[in-house]
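Asker: Mind looking over this structure? Questions follow.
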Amino acid sequence: MRDDLLELLWEGLLETLYMVFWSSLFALAIGIVLGITLVVTEQGGILARPRLNKVIGTAINSVRSLPLIILIVLLLPLSRLIVGTSLGPTAAIVSLSIGAAPFLGRIIENSLKEVSAGKIEAALAIGATPFTIIFRVLIPEALPALVRGVTIGIIGITEFTAVAGAIGAGGLGSLAIRFGYQRFREDVLLATVVLIILLVQFIQWTGDRVAKSINKKRYKYE
-12 MRDDLLELLW EGLLETLYMV FWSSLFALAI GIVLGITLVV TEQGGILARP RLNKVIGTAI
48 NSVRSLPLII LIVLLLPLSR LIVGTSLGPT AAIVSLSIGA APFLGRIIEN SLKEVSAGKI
108 EAALAIGATP FTIIFRVLIP EALPALVRGV TIGIIGITEF TAVAGAIGAG GLGSLAIRFG
168 YQRFREDVLL ATVVLIILLV QFIQWTGDRV AKSINKKRYK YE
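Encoded structure:
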């Protein structure tokens, strides 16, 4: 019985890590583009396009307003089109990435807005291009906040995988429901909860360490 439990937990953990890694990677790629675009196209931004900003902001808010499980169901046809199936961890990556990207986009937007306007104005005064300001001023200055924000986003995606497990995505969430709850195996349910807690704690610890390391290097050279 113990070997059976360990095997189930190991398989569920690997599936969860697989979903979290790829979903975070794709969601972050989309979120960075969204976040930067929202900052530079706002009124008074270095590439001010208020109408475009409003359209993107409305789209982000619309996606974020949908409960995750409904969004996953709506995106099942897209998952089937891209990966050939609507079940399993690979199919869930499509929904998780699209569902988490707007959330990460807002986090990145807020982090970039913490950069002092004076530094942006100084860069403009010496003739820096918008591209240079984005990648040499905005992102480097906001990096610690970006790391902390992305950490929160990855933790959110970890929680999303548990929800996705309810509709066939696999992972620890599916294990907790199918074996722990439906088959009345309290040992499986408890073990999956503990594993998810440990995974979230590890992600948070790693993010905090990276952010602190960036801050230490910055203060060292200032």
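Residue 73 in this note's numbering sits at position 86 of the sequence shown, and the numbers go up by one each step.
The beta-carbon is built from N, C-alpha and C at its ideal position, and this holds for glycine as well.
No experiment lies behind these values; they were computed from the predicted model shown.
Beta-carbon within less than 8 Å of leucine 58's beta-carbon, same chain only, minus the 5 sequence neighbours each way: which residues are those?
Answerer: Hits under 8 Å: Val50, Ser82, Ile85, Gly86.
Asker: So proline 76 and glycine 158 are supposed to be a Cβ contact under 8 Å. How far apart are they, rounded?
Answerer: Yes, they are in contact, since the Cβ atoms of proline 76 and glycine 158 sit about 6 Å apart, within 8 Å.
Asker: For serine 66, which residues from the same chain have a beta carbon less than 7 Å from its beta carbon, with the 5 sequence-adjacent residues on both sides left out?
Answerer: Around serine 66: Ser73, Ala78, Val81, Ser82.
Asker: Whole-angstrom Cβ separation of glycine 32 and valine 26, contact assumed at under 8 Å?
Answerer: Their Cβ separation, rounded to whole angstroms, is 6 Å, which keeps glycine 32 and valine 26 in contact under 8 Å.
Asker: Please classify glutamate 29: does DSSP put it in a helix, a strand, or coil?
Answerer: Looking at glutamate 29 - three-state DSSP - the assignment turns out to be coil, as it is neither helix nor strand.
Asker: Would you tell me roughly how many angstroms separate the C-alpha atoms of valine 137 and serine 98, rounded to the nearest one?
Answerer: Valine 137 and serine 98: Cα-Cα distance of roughly 10 Å.
Asker: Can you have a look at glycine 29 and say buried or exposed, based on whether 16 or more other CB atoms are within 10 angstroms of its CB?
Answerer: Note on identity: in this sequence residue 29 is glutamate, with glycine being the wrong assignment. Glutamate 29 should be labelled buried.
Asker: Mind checking phenylalanine 90: buried by the 16 CB within 10 Å criterion, or exposed?
Answerer: So phenylalanine 90 ends up on the buried side.
Asker: Within the same chain, show all residues whose beta-carbon is closer than 6 Å to that of glycine 155, passing over the 5 residues directly before and after it, in chain order.
Answerer: If we look at glycine 155 and ignore the five residues flanking it on each side, its Cβ neighbours are Leu74.
Asker: Helix, strand or coil, according to DSSP, for leucine 159 in the structure here?
Answerer: Reduced to three states, the DSSP call for leucine 159 is helix.
Asker: Measure the alpha-carbon distance for leucine 39 versus alanine 14 and round it to whole angstroms.
Answerer: About 21 Å.
Asker: For isoleucine 43, I'd like the list of residues in its chain whose CB is within less than 8 Å of its CB, leaving aside the five on either flank, ordered along the chain.
Answerer: Leu21, Thr24, Leu25, Thr28, listed in sequence order.
Asker: Around the Cβ of alanine 178, are there at least 16 other Cβ atoms within 10 angstroms (buried) or fewer (exposed)?
Answerer: Buried, by the Cβ-count rule.
Asker: Give me the residue from Ile183, Ala129, Phe122, Phe118 with the minimum Cα distance to valine 150.
Answerer: Closest by alpha carbon: Ile183.
Asker: In whole angstroms, what is the alpha-carbon distance linking leucine 1 and valine 7?
Answerer: If you take the alpha carbons of leucine 1 and valine 7, they lie about 10 Å apart.
Asker: To the nearest angstrom, report how far apart proline 54 and alanine 104 are at their CA atoms.
Answerer: The alpha-carbon atoms of proline 54 and alanine 104 are separated by roughly 36 Å.
Asker: For lysine 232 and glycine 194, I'd like the C-alpha separation in whole angstroms.
Answerer: Residue coverage of the chain in this structure runs from -12 to 209, which leaves residue 232 outside it and unanswerable.
Asker: Measuring only the C-alpha atoms, how far is glycine 140 from tyrosine 168?
Answerer: The straight-line gap from Cα to Cα measures roughly 27 Å.
Asker: If you draw a straight line from the C-alpha of alanine 163 to the C-alpha of leucine 4, how long is it?
Answerer: Computed Cα separation, rounded: 16 Å.
Asker: Taking the straight line between their C-alpha atoms, what separation do you get for valine 70 and leucine 61?
Answerer: If you take the alpha carbons of valine 70 and leucine 61, they lie about 16 Å apart.
Asker: Got a sec? Which residues, its chain only, sit under 6 Å from asparagine 202 by beta carbon, not counting five neighbours each side?
Answerer: Same-chain partners within the cutoff: Pro131.
Asker: Do you know offhand how far glutamate 128's Cα is from valine 102's?
Answerer: Those two C-alpha atoms are separated by around 6 Å.
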